[in-house]
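Numbering (the UniProt record's numbering), first residue to last: 1 to 1139. Yeah, the Cβ is synthetic: ideal placement off N, Cα and C, and Gly gets one too. Single-structure report; data block below.
Right, dumping it as structure tokens:
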């Protein structure tokens, strides 16, 4: 999308941290002194320049803060350049720094502080002649010197005074002329400096007679649309010349320039910069043929002080210049008409910058035209609104109206047409394919409203106050784009201040300010409620939502609209019932899918709100909605079925929306209890949603299922029987998404159904929760969540869930906490199952603790809490965070959960507010707490297992923090012989845990490798080293996974630190790996073995060590025949080779 026009709502950004002054003056001057002194290397200059840029970038939004010190900064950078001893390095460095200042403050301000003495012309000109125009490295120096020379060319002395008069010396004027032409055609990025110099030099009184005519012809010859840089420079120069030169000088060239622009088709150029400059030049040409003074018939406001807006309005304002006569007799040349035609075409250009330039041109020219002619121009702009061809044309027309209004060209009698044209633009929002259009149109329309408040008296705008106020408030609160919301708020605020006639203006701008409008949810669901309390805006807000936003193309806006209507209905239920509901019912039969979807959502929310209000007032549903509406809603499902709305394109979206509609109607007891066909159709829609593999359909269908069954199926046993049979059968679907849907749906059933079919539902869900295979991960997750929901819904009292069922479910959760199913596309897909198990365990156990503590099984709780502790230190961020949160909630739950191991000690270590004290996403902050838990017997083994996986994983934060934790713990273990034996026994015994080996063997081996390298096992019993070596070799050496083989080779190389038989066995296995059939394994083993030889005293003989390292590093291990070097290595290590 294009950038928005620079309206008050988008151009002025409020900042609570805005700077108040130029705070970096001393640092800047210190940097400049270093640069001016010279002697810096290129690297030092680059370093200083980067810091200089960062300093000035802070003032990009408030550049005026530099003004107090700008003269000193510019003088300090220019002074060394003026010195005769200035070197090229100092020149280029100073100019580079001066370019940074110019970029921030703008060249038009900076040039006012450049030296402009006559004596400076020759030195600056000499410097420019030394610099090659095409040099990219010297471009900053060229840019600033051109600006400087441009300022010097404005000195009011003839340049011939600088000439010596010698025949062999080129005059200064000619030298400047040649430099100017060379830089205009230089092959570098277009800039303003060359145009600035050219325009000011060529329009000098002593130069125009010498070079002006030839230069204008030369400029026109240089224009070539294919050469973008030169063409841009030339057009910019021509535009500036037509601005600065006297009219009698440039008017004779205007026809040829206009012919050139048309002949070379610059108005149709594909480059928008060239198009914009062509229109700018065209506008300047037109102004040359019009009076210098603005037209006397223009309208100007009488009131100039805001305080005068509050009292009763005075008489109508008069003309801008009442003493001047009407200039209706002025003859408008044909070329001006041609210019106006081009500008009007530019209003419909596809580029925003071109439209903006055309709009300003229209405003400037119209303000100098006779009244009748100007009215024709305004009528041409109005005709663009009537055509409504595109977003571009409407945007350009709005900008033109704003510029015309700012300059008083729009007369008060034209305001009705202005308002009728602009108000629809405030709501212009269309979708074409996957793109949306209208944002810039709405923004520009807000700009027009802002302009009207500044240009017209309250009495002129009085007939339109309510319409404009309501439209601006609606855009402020309900526009999709924050840019437009803020632009509308700025326009509304301006109208309140300038006009003083907007109802409740001060109260509204207090609520809807720049910052509060940032979030669209806040606007719809909070701010709109506050504004709707003012009766002048209640109905316009509701009507805007119903007519404009309920059928919006953005689903998020449709949803917010429906939610807002639910809340706003309370403010005027009669208006909603009588006016809005019929509109929404009609929209349900629209051919536009978005309109149908939005109407269905909004209708559901409105029905819900109206029925709630009626229930509070003792009214029935018929009274709250009206009989006609009730009948229409009853027939809705059958009409949709007849029209096949639920089929084909958009059918899923309609079913999804209709499920929410069912949910709302069920929650307000909509009277269809005895209408069996309607109930079957509604249930059919819900079931069809569940048969689709879509998560959004599942959510809405399950949301509707519970209130629907609760409200309408209590006495319908056959419907319930069929429903349960169908949904249990859905768990056997071949599609994973469908299995998820029905598993979720079974957990969403109301209490009476869960209790009646408890055994069947739990049995099938438990089967689904224990299914194995990566294709069952998602359905397994939903089944685990539904198990807890069914238990909580059915209860544990008689007729509900039994103790044996609770134990079986907790066993399933314990099993699920060890689910590490890996999918090629998703990685650790089992993480979803583990998170579901944590959530279900917390929900179920907290429920049991509150209603039946005696039914909580001790063994299962201890196992699950230990598993939860392990997940708290494993390297999966979202699992780890949820596990910590769940553990602390269980630890501090009220009522207290029995059988949590070491509850009191754990509470001393883990505070209840841990989540607010530290960042649970950072292992370096969480691991110190869990390292203290290692002293507790019940948590030691699961925590060690989790820490090992973290140390051997790929996540650096978990690796660093986990390694520090284990090294610290293993260091303290040596002080307790019994604890040491227990820990070493557990570490070695992990390789006997087949489930752990299958999922984490490479991580385990890498963790033990890292710990051993860090000296964690120094002094460990030889038996431990030997058992670990044997088990690791047996588990990994025959693997076909390179990750396992690489981790094993690294582990073996580190294990060389142990002496005796362990070292001999390690060497024998390493030599087997050096002869492995895979070259990658051979290379990895050789590298790690060489590193270990340098770390550990394996070879005492220096010569043997050197030869062994040379062989390991120089042998080509990609070669299949490595027997000879391996044999030599064995000899060096004293190991006999088997023949």
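From what residue to what residue does the beta strand (DSSP E) around residue 437 run?
To locate residue 437, count along the chain shown from 1; it is residue 437. From DSSP, the beta strand (DSSP E) with residue 437 extends over 435 to 437.
Would you call the region 795 to 808 in contact with the region 829 to 843, where contact means no fewer than 3 C-beta pairs closer than 8 Å?
No: fewer than three Cβ pairs fall under 8 Å.
Reference residue 182; option with closest CA among 637, 507, 218 and 423
On the chain shown, position 182 is the one that residue 182 refers to. Of the candidates 637, 507, 218 and 423, the one whose C-alpha sits nearest the C-alpha of residue 182 is 218.
Please identify the residue among 730, 675, 616 and 1037 whose C-alpha is closest to the C-alpha of residue 635.
Taking the first residue of the chain shown as 1, we reach residue 635 at position 635. Checking every option, the nearest Cα to that of residue 635 belongs to 675.
Going by C-alpha distance, which of 339, 1121, 357 and 994 is nearest residue 369?
Indexing the chain shown from 1 puts residue 369 at position 369. The residue from 339, 1121, 357 and 994 with its alpha-carbon nearest to that of residue 369 is 339.
Whole-angstrom distance between residue 1130 and residue 1139, CA atom to CA atom
Along the chain shown, read from residue 1 onward, the residue named residue 1139 stands at position 1139. Along the chain shown, read from residue 1 onward, the residue named residue 1130 stands at position 1130. Residue confidence is low: residue 1139 scores 42 on pLDDT, short of 50, so the model does not pin down where it sits. No coordinate-derived value is stated.
Report all residues from its chain with a CB closer than 8 Å to the CB of residue 19; omit the five preceding and five following residues, and keep chain order.
One-based indexing of the chain shown puts residue 19 at position 19. The residues are 58, 59, 62 and 65.
Please classify residue 490: is it buried, with 16 or more other beta-carbons within 10 angstroms of its beta-carbon, or exposed?
What you label residue 490 is simply residue 490 of the chain shown in a count that begins at 1. Counting Cβ neighbours within 10 Å, residue 490 comes out buried, since at least 16 surround it.
Chain-order list of residues whose beta-carbon lies under 7 Å from that of residue 438 (same chain, five-residue window excluded)
Position 438 of the chain shown, counting from 1, holds the residue named residue 438. Cβ within range, chain order: 391, 428, 429 and 430.
Runs of alpha helix (DSSP H) lying entirely within the region 32 to 62, each at least 4 residues, in chain order:
Taking only runs of at least 4 residues, the alpha helix (DSSP H) segments lying wholly in the region 32 to 62 are 42 to 57.
Here's a check: name, in chain order, each residue in its chain whose Cβ is nearer than 6 Å to the Cβ of residue 154, leaving out the five neighbours to either side.
By one-based count along the chain shown, residue 154 stands at place 154. Apart from the 5 residues on each side of it in sequence, residue 154 sits with its Cβ closer than 6 Å to the Cβ of 200 in its chain, given in chain order.
Let me know the secondary structure DSSP gives residue 1105 once reduced to three states.
Mapped onto the chain shown, residue 1105 falls at position 1105. Correct three-state label for residue 1105: helix.
With a threshold of 7 Å on Cβ separation, who are the neighbours of residue 754 within its own chain once the five nearest residues in sequence on each side are excluded?
Along the chain shown, read from residue 1 onward, the residue named residue 754 stands at position 754. Exclusion of the five residues before and after residue 754 leaves 761, 790, 793 and 794 as the residues of its chain whose Cβ lies within less than 7 Å of its Cβ.
In terms of DSSP beta bridges, what is residue 827 paired with?
Residue 827 sits at position 827 when you count from the first residue of the chain shown. 823, per the DSSP bridge assignment.
Assuming the contact rule is C-beta atoms closer than 8 Å, residue 515 and residue 539 should be a hit. Round their C-beta distance to whole Å, please.
Along the chain shown, read from residue 1 onward, the residue named residue 515 stands at position 515. Along the chain shown, read from residue 1 onward, the residue named residue 539 stands at position 539. Between residue 539 and residue 515 the Cβ distance is about 28 Å, and since that is not below 8 Å, they are no contact.
By the three-class DSSP mapping on this structure, what secondary structure does residue 481 have?
As a working note, residue 481 is residue 481 in the chain shown. Taken through DSSP and simplified to helix, strand or coil, residue 481 comes out as coil.
Among 653, 670, 583 and 663, the one whose alpha carbon lies nearest that of residue 622
The sequence position of residue 622 within the chain shown is 622, counting from 1. Scanning 653, 670, 583 and 663 for the CA closest to the CA of residue 622 turns up 670.
To which residues of the same chain is residue 310 closer than 7 Å at the C-beta, ignoring the five residues directly before and after it?
Taking the first residue of the chain shown as 1, we reach residue 310 at position 310. With a pLDDT of only 45 at residue 310, under 50, the local geometry of the prediction cannot be trusted, and the value read off the model is given with reservation. Here the set comprises 500.
Please return the same chain residues whose Cβ sits closer than 6 Å to the Cβ of residue 284, not counting the five positions on each side in sequence.
One-based indexing of the chain shown puts residue 284 at position 284. Same-chain partners within the cutoff: 239, 242 and 243.
Considering just the uninterrupted stretch of the beta strand (DSSP E) at residue 431, what are its terminal residues?
If you number the chain shown from 1, residue 431 lands on position 431. Unbroken beta strand (DSSP E) run through residue 431: 430 to 432.
CA-CA distance, residue 1063 and residue 957?
Mapped onto the chain shown, residue 1063 falls at position 1063. Mapped onto the chain shown, residue 957 falls at position 957. Going by the C-alpha atoms only, they are around 33 Å apart.
By Cβ distance below 7 Å, which residues in the same chain neighbour residue 207 in space, the five residues on each side in sequence not counted?
Position 207 of the chain shown, counting from 1, holds the residue named residue 207. Setting aside the 5 residues that flank it on each side, residue 207 is surrounded in the same chain by 173 and 201, each with a C-beta closer than 7 Å to its C-beta; the list follows chain order.
Segments assigned beta strand (DSSP E), at least 3 residues, entirely inside the region 140 to 194
As far as the region 140 to 194 is concerned, it has no whole beta strand (DSSP E) run of at least 3 residues.
Unbroken stretches of the alpha helix (DSSP H), 4 residues or longer, contained in the region 462 to 550:
Fully enclosed alpha helix (DSSP H) runs of 4 or longer: 465 to 478, 482 to 499, 505 to 511, 528 to 532 and 535 to 544.
Assigned exposure category for residue 883 - 16 Cβ within 10 Å defines buried
The residue you call residue 883 lines up with position 883 of the chain shown. Buried, since its Cβ has 16 or more Cβ neighbours within 10 Å.
Integer Cβ distance of residue 94 from residue 35, believed to fall under 8 Å
Indexing the chain shown from 1 puts residue 94 at position 94. Indexing the chain shown from 1 puts residue 35 at position 35. Right, their Cβ atoms sit about 6 Å apart.
Taking residue 781 as the reference, give the member of 840, 279, 810 and 871 with the closest Cα.
If you number the chain shown from 1, residue 781 lands on position 781. Comparing Cα positions, the closest option is 840.
For residue 914, name the three-state secondary structure that DSSP assigns.
The count along the chain shown starts at 1 and reaches residue 914 at position 914. Collapsing the DSSP output to three states places residue 914 in a helix.
For residue 587, collect the residues of the same chain with a Cβ closer than 8 Å to its Cβ; drop the 5 residues on either side in sequence, then sort them by chain order.
Here residue 587 refers to the residue found at position 587 of the chain shown. Cβ within range, chain order: 550, 551, 595, 596, 598 and 599.
Residue from 1066, 1043, 1045 and 1041 with nearest C-alpha to residue 1028:
In the chain shown, the residue the question calls residue 1028 occupies position 1028. Here the closest residue by C-alpha is 1066.
Integer Cβ distance of residue 563 from residue 605, believed to fall under 8 Å
Working through the chain shown from its first residue, we reach residue 563 at position 563. Working through the chain shown from its first residue, we reach residue 605 at position 605. About 6 Å separates the two Cβ atoms, so the contact holds.
In terms of alpha-carbon separation, which member of 763, 774, 773 and 776 lies closest to residue 787?
The sequence position of residue 787 within the chain shown is 787, counting from 1. Of 763, 774, 773 and 776, the residue nearest in Cα terms is 763.
CA nearest to the CA of residue 472, picked from 300, 424, 139 and 897:
Position 472 of the chain shown, counting from 1, holds the residue named residue 472. In terms of Cα proximity to residue 472, the closest of 300, 424, 139 and 897 is 424.
Residues in the same chain with beta-carbon distance under 6 Å from residue 568, minus the five sequence neighbours each way, listed in chain order, please.
Locating residue 568 in the chain shown gives position 568, counting from the first residue. Here residue 568 has 532 and 542 as same chain residues with Cβ atoms under 6 Å from its own Cβ, once five neighbours each way along the sequence are excluded.
Compare the Cα-Cα distances from residue 969 to each of 984, 1002 and 934 and report the closest residue.
As a working mapping, residue 969 is identified with position 969 in the chain shown. Check the Cα spacing between residue 969 and each of 984, 1002 and 934: the tightest is with 934.
Tell me, please, whether the region 1101 to 1109 touches the region 1076 to 1086 by the rule of three or more beta-carbon pairs shorter than 8 Å.
With the cut-off at 8 Å, the region 1101 to 1109 and the region 1076 to 1086 do not touch.
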